[in-house]
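Colleague: In the numbering used here, the protein residues as written are 2 to 166.
1) Check whether the Cβ atoms of residue 59 and residue 8 lie closer than 8 Å to each other.
2) Could you tell me whether the Cβ atoms of residue 99 and residue 107 are closer together than 8 Å?
3) Do you know how far the Cα of residue 69 is from the Cα of residue 97?
4) Which partner residues of residue 87 appear in the DSSP bridge assignment?
5) Per the contact definition of three or more C-beta pairs closer than 8 Å, is the region 136 to 150 in contact with the region 38 to 53?
6) Need the endpoints of the beta strand (DSSP E) that residue 120 sits in, please.
7) DSSP three-state call for residue 107: helix, strand or coil?
8) How many Å lie between residue 66 and residue 153 at the Cα?
9) Quick one: grab the DSSP three-state call for residue 95.
10) Tell me which residues share the same chain as residue 77 and place their Cβ nearer than 7 Å to its Cβ, disregarding the 5 neighbours each side in the sequence.
11) Can you list, in chain order, the residues of its chain with a C-beta nearer than 7 Å to that of residue 85? Leave out the 5 residues immediately preceding and following it.
12) What separation, rounded to the nearest whole angstrom, lies between the Cα atoms of residue 89 and residue 143?
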């Protein structure tokens with residue numbers, strides 16, 4: 002739910018990442034979690050990126066989801082500027098199918114962690130952000146529990162349908 006009191010920041014290196022990053026927003030909508038979504042490029046707007054990272058916690062953000070492709074410096078750079086947990090989403094690139102993005106995000110130096118999801122894994126990034134928030138919010142925790150139960154029921158139904166064929 003995009004509004005004036007976001008607790009999750011969804012950022013990306015460019016508008017070409019938006020299609021993927023909207024999946025994180027959709028999950029946060031499903032969990033009724035407020036978020037903001039912005040383009041904050043590590044290469045084109047480095048000062049804006051640094052300011053975003055340094056000020057996010059002061060504005061009430063509790064988790065940052067950062068998506069980037071190619072060199073994919075945004076998640077690591079934002080992590081270096083914020084005390085908040087950062088979830089990196091490697092966005093599939095044209096040249097190496099996102100492997101370059103994945104390796105750039107997952108290979109962070111000690112002291113600057115970035116939790117990294119799969120290539121184009123913005124859905125899981127949204128779920129992980131919700132789980133992080135659930136540590137201190139009972140309503141979010143209940144929504145996560147319900148979501149996991151729904152996954153279980155869907156899986157059992159699929160299993161039962163296989164047995165019938």
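Where a beta carbon is used, it is the ideal one built from N, C-alpha and C, also for glycine. Source: prediction; values computed, not measured.
Modeller: Let me lay it out:
1) no
2) no
3) 14 Å
4) 65
5) Cβ pair count under 8 Å is below three, so no.
6) First-last for residue 120: undefined, no H or E at that position.
7) helix
8) Looking at the two C-alpha atoms, the distance is approximately 26 Å.
9) Coil at residue 95, not helix or strand.
10) 106, 109, 113 and 115
11) 57, 58, 62, 63, 64 and 65
12) 25 Å
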